[in-house]
Amino acid sequence: MSICFHRDEKFRVPFHFSNSDAALLRFPFPFPEDSYTYSVNIEPHTRGGPTEAFSAQFDVDEHYIAECQDRAELLAAEPSRCTVLPHMHDAEWDALELIMSDMVKDYPDLFTLTRDGDQWTWHNRPLGLQDTFTFGNASTLPCGPFEYITRQAQGDFTLQDQRDGNLFLDGVTVTGAADYSPAFDLGMSFDEWHGPATVATEMGIFDRALQYLLKLQVGRPVRRLNWTLTVNPRFDTSAENYPVWGPDRTTITPDNIGNSLFLRVELQSLYRLPGSNAILFNIRTYFASFGELCRVPKWGRRLHRVLRDLPPELAAYKGLVRFLPTAVAYLAAFDDGSPTSPGIAPDIQSLRPVGCPA
Amino acid sequence: MMDTLALRVAERDLLSPTLLRLRLTSANANKLPSVTPGSHLVLDLPVKDGARRNAYSITQAGKGGTFYEIIVRHSPTSRGGSAFVHKELTVDSILNASCPSNFLALESTAKKILLIGGGVGVTPLLALARARMERGETLEFHQFCTPEEKPVFESLLAPFGQGVACVHAGRNALDFQTLFRRQPLGTYIYTCGPNAMMERVLTEATAMGWPERRIHQESFGAGGGNPFTVTLARTGGTIPVAEDQTLLDALESADVPITSLCRGGACGMCRTPVLAGTPEHRDHFLSADEKASGRWIMPCVSRAHGACLTLDL
Ligand code: HEM
Ligand code: FES
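Chains as they are written, first to last, in our numbering: chain A, 645 to 1002; chain B, -11 to 301.
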């Protein structure tokens, strides 16, 4: 497999981002039905699923280089976006070992790892990196082990310590927070950091999810999909930078919505770490503009129905109220009322070229 | 879905007439997966009348994935699993195991851990105690056994030193109330042994106000249970559910169409109506009232009280 990386993408002003046809067809569209509400939508994270985004444990796609670059820029400006509490030392190395091993297994052409006892050599071809280090000795790496590996993988990562029948958010590399504050959430328990999501709390989602996660076992990772809408392909929509991105919400018009409003999907995967018993959480974010998504007829129809019928309290929590009517009006043109098949697969092998009338 | 390990018996060491210690290495010279203290391994034991899958705690794991050590009690009431281990396994025997799981892990914030073992329940506690000792962290270890076995257990606990570890012959040799009362705040209890003993630890400690979340009992994840039979009301078929199999697995392998997602009792997708029999609920999905009504079951985790269950399938 070879990936043609989009090197010149920008996830901040001046935005520059697009999905190739192949990237669009592999998009993890998050709606298996024509309506949406919260559920404990967790399933085993096995290789393989309804689109190719589910083929690997840590998915690498055409945006890899640009996303690593975006993360590096934000970390340079705000180093605290990667913070790990001291008692998570073992978990950091655990995470490094797991991510490296899986990336090598899934992408042998892109990454290699040579182990000679504790002497490890990691070769990352897309980023042009090669480092030899002593496993377990952080001074042999350019930065901490968790920061080192999460700078080289797509999506945000958090580390959860398990104690007192709960999970605690004790480590983060978060440069793409979807409207929350990782700095504020650091050290909190599962129910505390989920506190703002009151609708899901009342539905009992978090009690069930926590009981399930406490029993998560090594070698049996699980995944779920979460979604929101973001204006412009911007990763850093953190609560602390609200003044930077919040005003974007007022810019959506019927004319620009196809290019400016994005369905933002998080393919979240969770792994029990073998040496520390911590849980690694990957929030792997995918963007597709409304214009792009509507090239897949099933997805355009379904997105229309989901947003049209979205419970108002969910729309409010997700911060969609301002542009939701415009979005529904735009999507209505792509919904001919015909049925959609169950599940999220696009149901087509190739896309009609852009610009051709339907 | 589940990864299998091929293991080779590297050493076998009879500690007492009924306690056998095995050192297991990888059969194909691979590194064994690293494990946290408190982990267990499920061995596939090819006994005469089929296969048994028995869970054994790992008492010690070699650094760098070189070996796992387990201790197996030959119990006269065994349905063949432990007898097989004692009689049939020799050095160089090869057997399969599932990758280790852990339902009894250490917690980073524990100021002290208090270990209470009964009989062969000593096994996971040995791993927990060793890890604490190696990190220079506080622990206290009480082990119950019969008078005849006292010397064996004393030698197993010897590494932890006197004053830290103590072996008691007979179940009334120690007063739990006094023991619990003198523990510092932030102490976590880990207990493994006969159900009655673990129950006593739990009742006496919680009665004194000990936080329940700081009392850990070995359960091996409570995945399996007694075998039972399900009858499918709509099609009339009957399907046996083995002791190490979930009801969902049994239905799936009989090609009964059933939806599922999380396979862990949380998502609600597999909810199935029950027409007869009493479900043993193990899920987090049904409400207390729904559970009490006995009208629903979550086949991915729950089982049956009694020998049969009739489902509306
Ligand atoms: C253990 C790792 C997890 C972390 C670190 C995490 C973190 C978060 C955070 C930071 C939020 C935003 C809360 C806010 O508004 O400030 C959130 C929302 C949410 N989380 Fe989690 N979460 C985790 C696991 C899960 C799991 C396993 C579920 C399973 C159901 C779940 C379900 C949700 C839901 C339903 C929301 C509301 C999302 C929305 O409507 O957009 N989370 N989570
Ligand atoms: S499959 Fe999720 S509750 Fe059974």
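Here a beta-carbon is modelled for each residue, glycine too, at the ideal position from N, C-alpha and C.
Can you find the residues in the same chain that come closer than 6 Å, C-beta to C-beta, to residue i, ignoring five residues on each side of it along the sequence?
{"i": "E(-1) of chain B", "result": "R11"}
{"i": "M(-11) of chain B", "result": "Bear in mind that a pLDDT of 33 at M(-11) of chain B, under 50, signals an unreliable position, so the model cannot answer this."}
{"i": "E884 of chain A", "result": "S825"}
{"i": "L2 of chain B", "result": "L8"}
{"i": "L669 of chain A", "result": "P990"}
{"i": "V302 of chain B", "result": "Lying outside -11 to 301, the shown extent of chain B, residue 302 of chain B is not represented and no answer is given."}
{"i": "M832 of chain A", "result": "L813"}
Look up residue i in the DSSP assignment and give the residues it is bridged to.
{"i": "N926 of chain A", "result": "A:F801, A:S913"}
{"i": "W737 of chain A", "result": "Partner(s): none; W737 of chain A has no beta bridge."}
{"i": "W284 of chain B", "result": "B:P261"}
{"i": "I101 of chain B", "result": "B:L127, B:Y176"}
{"i": "P228 of chain B", "result": "B:T217"}
{"i": "D953 of chain A", "result": "Answer by DSSP bridge pairing: none, since D953 of chain A is not bridged."}
{"i": "W764 of chain A", "result": "A:R759, A:F777"}
{"i": "Q796 of chain A", "result": "DSSP, once it has assigned bridges, lists no residue as partnering Q796 of chain A."}
{"i": "I59 of chain B", "result": "B:R9"}
{"i": "R41 of chain B", "result": "B:D32"}
{"i": "A153 of chain B", "result": "B:F129, B:Q150"}
Please report the Cβ distance between residue i and residue j, rounded to the nearest whole angstrom; I am assuming they are in contact, meaning their Cβ atoms lie under 8 Å.
{"i": "L917 of chain A", "j": "A735 of chain A", "result": "6 Å"}
{"i": "L306 of chain B", "j": "L116 of chain B", "result": "Because residue 306 of chain B is not part of the residues shown, which for chain B are -11 to 301, the question remains open."}
{"i": "T727 of chain A", "j": "G820 of chain A", "result": "With a Cβ gap of about 15 Å, T727 of chain A and G820 of chain A do not count as contacting."}
{"i": "H156 of chain B", "j": "S89 of chain B", "result": "With 8 Å as the limit, H156 of chain B and S89 of chain B do not qualify as a contact, their Cβ atoms being about 30 Å apart."}
{"i": "R40 of chain B", "j": "T13 of chain B", "result": "That pair is no contact at about 22 Å."}
{"i": "P228 of chain B", "j": "T219 of chain B", "result": "P228 of chain B to T219 of chain B, Cβ: 11 Å. No contact."}
{"i": "K99 of chain B", "j": "P172 of chain B", "result": "6 Å"}
{"i": "F129 of chain B", "j": "L145 of chain B", "result": "6 Å"}
Does at least one heavy atom of the ligand FES sit under 6 Å from the Cβ of residue i?
{"i": "F850 of chain A", "result": "no"}
{"i": "G253 of chain B", "result": "yes"}
{"i": "L914 of chain A", "result": "no"}
{"i": "S248 of chain B", "result": "yes"}
{"i": "C133 of chain B", "result": "no"}
{"i": "M257 of chain B", "result": "yes"}
{"i": "M286 of chain B", "result": "yes"}
{"i": "F978 of chain A", "result": "no"}
{"i": "F273 of chain B", "result": "yes"}
So is the beta-carbon of residue i under 6 Å away from any non-hydrogen atom of the ligand HEM?
{"i": "W837 of chain A", "result": "yes"}
{"i": "T166 of chain B", "result": "no"}
{"i": "Q804 of chain A", "result": "yes"}
{"i": "S844 of chain A", "result": "According to the sequence as given, residue 844 of chain A is Ala; it is not Ser. Indeed, a heavy atom of the ligand HEM lies less than 6 Å from the Cβ."}
{"i": "A922 of chain A", "result": "no"}
{"i": "A853 of chain A", "result": "yes"}
{"i": "Y886 of chain A", "result": "no"}
{"i": "K962 of chain A", "result": "yes"}
{"i": "P840 of chain A", "result": "yes"}
{"i": "F925 of chain A", "result": "yes"}
{"i": "T872 of chain A", "result": "yes"}
{"i": "V657 of chain A", "result": "no"}
{"i": "V728 of chain A", "result": "no"}
{"i": "V909 of chain A", "result": "no"}
Tell me which same chain residues have a C-beta within less than 8 Å of the C-beta of residue i, skipping the five on either side of it?
{"i": "K36 of chain B", "result": "G68"}
{"i": "H660 of chain A", "result": "D652, E653, K654"}
{"i": "R188 of chain B", "result": "F164"}
{"i": "R169 of chain B", "result": "M196"}
{"i": "V972 of chain A", "result": "H948, L951, R952"}
{"i": "P865 of chain A", "result": "P688, H689, Q701, S913, L914, Y915, R916"}
{"i": "S290 of chain B", "result": "L235, G253, P267, E268, H269, R270, D271"}
{"i": "P1001 of chain A", "result": "Only weak support is given to the placement of P1001 of chain A: the predicted model assigns it a pLDDT of 47, under 50, and the question is left unresolved by the model."}
Excluding sequence positions up to five away, which residues of its chain have a Cβ less than 7 Å from the Cβ of residue i?
{"i": "D953 of chain A", "result": "S679"}
{"i": "L937 of chain A", "result": "L907, W943, G944, L947"}
{"i": "T984 of chain A", "result": "D678, K942, R945, R946"}
{"i": "M286 of chain B", "result": "G253, C258, R259, D271, F273, L274"}
{"i": "F978 of chain A", "result": "C938, G944, R945, H948"}
{"i": "S1007 of chain A", "result": "No information on residue 1007 of chain A is available, as it lies outside the stretch 645 to 1002 that chain A covers here."}
{"i": "P770 of chain A", "result": "F649, Y708, I709, L754"}
Any chance the CB of residue i is under 6 Å from a heavy atom of the ligand FAD?
{"i": "G780 of chain A", "result": "Absent from the structure shown: the ligand FAD. Ligands present: the ligand HEM and the ligand FES."}
Item to check | Meets three-Cβ-pair contact criterion under 8 Å: the stretch 43 to 54 of chain B and the stretch 980 to 992 of chain A | outcome: Not touching, per the Cβ criterion.
Checklist entry - Okay, do the stretch 919 to 934 of chain A and the stretch 732 to 748 of chain A touch, 3+ Cβ pairs below 8 Å being the bar? => result Result yes; three or more Cβ-Cβ pairs closer than 8 Å.
Next on the checklist: Would you call the stretch 926 to 940 of chain A in contact with the stretch 894 to 902 of chain A, where contact means no fewer than 3 C-beta pairs closer than 8 Å?
Outcome noted: Flag = yes, the stretch 926 to 940 of chain A and the stretch 894 to 902 of chain A touch.
Checklist entry - So, do the stretch 940 to 952 of chain A and the stretch 812 to 831 of chain A have three or more beta carbon pairs nearer to each other than 8 Å? => result Between the stretch 940 to 952 of chain A and the stretch 812 to 831 of chain A, the count of Cβ pairs shorter than 8 Å is below three; the stretches do not touch.
Checklist entry - Do the stretch 50 to 61 of chain B and the stretch 2 to 22 of chain B make contact, defined as three or more Cβ pairs closer than 8 Å? => result Touching, yes, given that three or more Cβ pairs across the two stretches are closer than 8 Å.
Checklist entry - On the three-pair Cβ rule with 8 Å, is the stretch 836 to 843 of chain A touching the stretch 758 to 768 of chain A? => result Because the criterion of three Cβ pairs below 8 Å is not met, the stretch 836 to 843 of chain A and the stretch 758 to 768 of chain A do not touch.
Next on the checklist: Three Cβ pairs or more, each shorter than 8 Å: is that satisfied between the stretch 240 to 251 of chain B and the stretch 117 to 137 of chain B?
Outcome noted: Counting C-beta pairs with one atom in each stretch, the stretch 240 to 251 of chain B and the stretch 117 to 137 of chain B have fewer than three that are closer than 8 Å, which means they do not touch.
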